[in-house]
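When we follow this note's numbering, the leftmost residue of the sequence shown carries the number 41, and every step to the right adds one. Just so it is clear, CB atoms sit at the ideal spot from N, CA and C, and this is done for glycine as well. Since the structure comes first, as structure tokens, the remarks are kept for the end.
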Amino acid sequence: QSICDKKGLKNQIFTFQPHVIVNFAAESHVDNSITGPDVFINTNIVGTFNLLEICKDYYENKSKDILLLHVSTDEVYGHLGKEGKFKETTPYDPRSPYSASKASSDHLVMAYYHTYGLPVKITNCSNNYGPWQNKEKLIPKIISNVLEGKDIPIYGKGQNIRDWLYVEDHCKAIELVINRGDIGEKYNIGGDCELTNLQVVEKILKAMDYKGPNLIKYVKDRLGHDFRYAIDHSKITKKL
Numbered sequence: 041q042s043i044c045d046k047k048g049l050k051n052q053i054f055t056f057q058p059h060v061i062v063n064f065a066a067e068s069h070v071d072n073s074i075t076g077p078d079v080f081i082n083t084n085i086v087g088t089f090n091l092l093e094i095c096k097d098y099y100e101n102k103s104k105d106i107l108l109l110h111v112s113t114d115e116v117y118g119h120l121g122k123e124g125k126f127k128e129t130t131p132y133d134p135r136s137p138y139s140a141s142k143a144s145s146d147h148l149v150m151a152y153y154h155t156y157g158l159p160v161k162i163t164n165c166s167n168n169y170g171p172w173q174n175k176e177k178l179i180p181k182i183i184s185n186v187l188e189g190k191d192i193p194i195y196g197k198g199q200n201i202r203d204w205l206y207v208e209d210h211c212k213a214i215e216l217v218i219n220r221g222d223i224g225e226k227y228n229i230g231g232d233c234e235l236t237n238l239q240v241v242e243k244i245l246k247a248m249d250y251k252g253p254n255l256i257k258y259v260k261d262r263l264g265h266d267f268r269y270a271i272d273h274s275k276i277t278k279k280l
């Protein structure tokens, strides 16, 4: 069911009558948001608005026993230099159409909590990886290109830093927030695994025992490319 299909989505929720809804629905690839932001605005902002309106209707007219957990990203905080980490209190400073659309959706979710009393929680996670990830993402793209003998494009000098989070660890954290987190609170989820993009490529080449010709190809840096993301997860670690 598309999050952009408000009528169909409402029918699903009112028929199924869930106690918890986790909003994973989003366009998430930054490159795509730069070349075609329209779908990001429609899915991430309007889609989240649709879901909030339906949950509000459900909460006010059907059952108070409902929770909306909105899954967001560390990219809403902007970028970091070589020091520091993002906290839940870090001011928002989105720098791409993708992160701006996710920041907008975060603000909408909190607005529905403060205005209508809708039970919500928000998680902001670092870069996910794991089985069956879309091939447009960095790690599966590297693996696929190695297997196919294709060049591995790396932005700039490959020194941009990301914090990597295994998808199953992310899911466990989300379950923890559902069961133990406080209504109206945000929780940062990180993997304590900061690597440059070049280090990620080198680790994968080593793991695949690749000994062929050099596949790394440095390409023009991405527009508005954030230098570093890092998560301070002390809140979820200490409180939950």
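If you check the beta carbons only, do residue i and residue j fall under 8 Å apart?
| i | j | result |
| --- | --- | --- |
| Ile244 | Ile183 | yes |
| Leu280 | Ile192 | no |
| His154 | Asp105 | no |
| Ile61 | Leu108 | yes |
| Tyr98 | Phe54 | yes |
| Tyr117 | Thr130 | yes |
| Lys96 | Leu158 | yes |
| Ser112 | Asp146 | yes |
| Lys278 | Tyr227 | no |
| Asp71 | Arg220 | no |
| Val149 | His110 | yes |
Buried or exposed: which applies to residue i, given that a residue is buried once 16 or more other Cβ atoms fall within 10 Å of its Cβ?
| i | result |
| --- | --- |
| Glu67 | buried |
| Phe267 | exposed |
| Cys211 | exposed |
| Thr163 | buried |
| Pro253 | exposed |
| Ala143 | buried |
| Ile214 | buried |
| Asp114 | buried |
| His69 | exposed |
| Ser73 | buried |
| Asn63 | buried |
| Asn51 | exposed |
| Gly230 | buried |
Could you give the DSSP three-state label for residue i: helix, strand or coil?
| i | result |
| --- | --- |
| Thr75 | helix |
| Asp203 | strand |
| Tyr169 | strand |
| Tyr269 | coil |
| Leu148 | helix |
| His69 | coil |
| Pro180 | helix |
| Pro253 | coil |
| Phe126 | strand |
| Pro137 | helix |
| Leu109 | strand |
| Asn219 | helix |
| Tyr98 | helix |
| Tyr132 | coil |
| Asn185 | helix |
| Glu115 | helix |
| Leu158 | coil |
| Asn237 | helix |
| Ile194 | strand |
Less than 8 Å between the CB atoms is what I'm expecting for residue i and residue j, so what's the real figure, rounded?
| i | j | result |
| --- | --- | --- |
| Asp272 | Lys125 | 4 Å |
| His265 | Asn200 | 6 Å |
| Tyr269 | Ser166 | 6 Å |
| Lys161 | Ile223 | 7 Å |
| Gly170 | Glu208 | 7 Å |
| Gly198 | Leu238 | 3 Å |
* **Stretch pair the stretch 41-48 + the stretch 83-98: three plus CB contacts closer than 8 Å** => Touching, yes.
* May I ask you to verify whether the stretch 222-242 touches the stretch 197-207, counting CB pairs closer than 8 Å and requiring at least 3? => Contact between the stretch 222-242 and the stretch 197-207 is established, with three or more Cβ pairs separated by less than 8 Å.
* Touching by the beta-carbon criterion (3+ pairs, under 8 Å), the stretch 125-139 and the stretch 72-86 -> Verdict: yes, contact present.
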